[in-house]
Amino acid sequence: MADQQACDEVVRFTSELIRIDTSNFGGGDCRERPAAEYAAERLAEAGLEPVLLERTAGRTNVVARVEGTDPAADALLVHGHLDVVPAQAADWSVDPFSGEIRDGVVWGRGAVDMKNMDAMILAVVRGWAREGVRPRRDIVVAFTADEEASAVDGSGFLADHHPELFEGCTEGVGESGAFTFHDGTGRHLYPVAAGERGTAWLKLTARGRAGHGSKVNKENAVTRLAAAVTRIGEHRWPPRLTPTVSAALTELAALYGIEPDLHEVDLLLDKLGPAAKLVEATVRNSANPTMLNAGYKVNVIPGEAVAFVDGRYLYGTEDEFRATLDRLTGPDVDWEFQHREVALQAPLDSPTYARMRAAVEEFAPEGHVVPYCMSGGTDAKQFSRLGITGYGFAPLKLPADLDYQALFHGVDERVPVEALHFGVQVLDRFLRTA
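Numbering (numbering that gives the first Met the number 0), first residue to last: 0 to 433.
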């Protein structure tokens, strides 16, 4: 079991990492190196030999290996990203990069996404060094850059150019899973992620005939683009259930005493009440228009108009997603992937999933662990190129008045100290037995 020093360190490390501003504005505008050096120093103090790696100057990743007792066992990757999304200080109750600890809560950008998990990993391996503990299997620890953008300087770079550092890794655990979800009836759910929707960020381009704004123009690029964007935004995607989502619906239905009719998904979601939030975004594909760019003067019809769409597709549905976009955009609008990453599916009958479930239940016996598919994506996508099966497991025990999912990229991001204590205990228990 993690000791008191580990519980103290996870709070301090979370606060200190938040104070290191690693805002990722996209387009390469970020510098993770100070946070990477901080993590590497903590690992070195525990007797490990961390390696710092960069594709681009300042965009630093850290990798270290904890040797296990069973050389024949497959290795396990435990990863967290060091970058965060930007924060507008004027919108916050506190300085978003203060790492302030007030009334039993750590405040700041990255408190839940995901410097808390980075701190848990550091606290756990340092605790093992103090106790002389070695896990059963090798544990490869990776702190990455650039997860909040394309990951080309982070996990993508590591997977493509340094696969040797992950030799033997068959499974990995990362962000967004094993957090308390309060269903409004007093039940505590703990969703553990075993899947992710694929990422499909799209660029739409409409071309037409440029001309004077006062003239009739039936080849208006803006009109063509607007029509396509409207069709995409209004499209109702049909349900498509992956094994993880099917299992989530079945287990939730059993918990609430509901007949799990997977042929009537929307009716089943209605019956699940607040718990439906765990699955409603992952029962179908999605495509949300997010950006528009056209023209340069009000009385000039431009010859080209561009839009961007955040698309997400479920495991096994990429061909359907592409065909649907072809139909919705129509003959006058071209589309292409601006950024694409695969959808993931992890087995629920694996010993690793069972051990994650057991670790949560040991420290939250009142909780109900359920499968979960993430609507977005994580570094697990890039690490899957190495044949690593990814799970989401960043444990936190949260109070009912804290909307965990709303804090991701939100204002006044924060995490309770007690949640960090719970997380380090659960992560320690799981990794010792993994």
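Don't be surprised by glycine CBs; every beta carbon is placed ideally from N, CA and C.
At a cut-off of 3 residues, the continuous stretches assigned as beta strand (DSSP E) that sit fully inside the stretch 183-211 are 187-195 and 197-206. By the 16-neighbour rule on beta-carbons within 10 angstroms, R326 is exposed. Residue environment for K396: buried (at least 16 other C-beta atoms within 10 angstroms of its C-beta).
Distances from the alpha-carbon of V221 to those of A205, G232 and H234 put A205 closest. Contact between G302 and G207 holds, since their C-beta atoms are separated by about 6 Å, short of 8 Å. A buried status is given to R283, since no fewer than 16 other beta-carbon atoms sit within 10 Å of its beta-carbon.
For D182, the number of other beta carbons within 10 angstroms of its own is at least 16, and it is reported as buried.
The alpha carbon of I231 has as its nearest neighbour, out of P242, A192, F307 and G176, the alpha carbon of F307. Put simply, of G294, R311, P394 and Y189 the residue whose alpha carbon is nearest the alpha carbon of A304 is G294. The beta-bridge partner set that DSSP reports for W106 consists of R413. Distance from the CA atom of S22 to the CA atom of G197, rounded to whole angstroms, is 24 Å.
Counted as a single uninterrupted DSSP element, the alpha helix (DSSP H) harbouring Y403 occupies residues Y403 to L406. For R64, the beta-bridge partners assigned by DSSP are V139. For V414, the CB contacts under 6 Å within the same chain, skipping 5 residues up- and downstream, are V105, A110, V111 and N115 in chain order. Across the set A71, L81, H420 and E40, the C-alpha of L81 shows the shortest separation from the C-alpha of E146. In this structure the stretch 361-375 does not touch the stretch 159-173; the number of beta carbon pairs closer than 8 Å is below three. V425 and A358 do touch by the CB rule: their CB atoms are close to 5 Å apart, below 8 Å.
The three-state secondary structure of G310, taken from DSSP, is strand. Counting the other CB atoms within 10 Å of its CB gives K380 a total of 16 or more, which places it among the buried residues.
Under the three-pair Cβ rule at 8 Å, the stretch 62-81 counts as touching the stretch 132-146. A straight line joining the alpha-carbon of A199 with that of T351 spans about 29 Å. Under a 10 Å Cβ-count criterion, S92 is classified as exposed, with fewer than 16 other Cβ atoms of the shown protein chains found around its own Cβ. Every beta strand (DSSP E) stretch that sits fully inside the stretch 243-323 and reaches 3 residues is listed by chain position as 285-293 and 303-312.
Between G103 and Q344, the beta carbon gap of about 38 Å keeps them out of contact (Cβ cut-off 8 Å). For D400, the number of other beta carbons within 10 angstroms of its own is below 16, and it is reported as exposed. Excluding residues up to 5 positions away in sequence, P49 lie with their Cβ nearer than 8 Å to the Cβ of A43 in the same chain. As summarised for the stretch 151-188, the continuous beta strand (DSSP E) elements at least 3 residues long and confined to that stretch are 168-173, given in chain order.
Here DSSP, grouped into helix, strand and coil, assigns P370 to strand. In the DSSP assignment, L76 falls within the beta strand (DSSP E) that extends over A74 to H80.
V124: member of the alpha helix (DSSP H) spanning K114 to E130, first to last residue. The three-state reading of DSSP puts L419 in helix, counting H, G and I together. If you look at V84, you'll find it isn't in any alpha helix (DSSP H); DSSP assigns it neither H nor E. Annotation: A418 to G176 spans about 13 Å, alpha carbon to alpha carbon.
Here DSSP, grouped into helix, strand and coil, assigns T21 to coil. Under the 10 Å beta carbon count, V124 is surrounded by 16 or more other beta carbons and is classified as buried.
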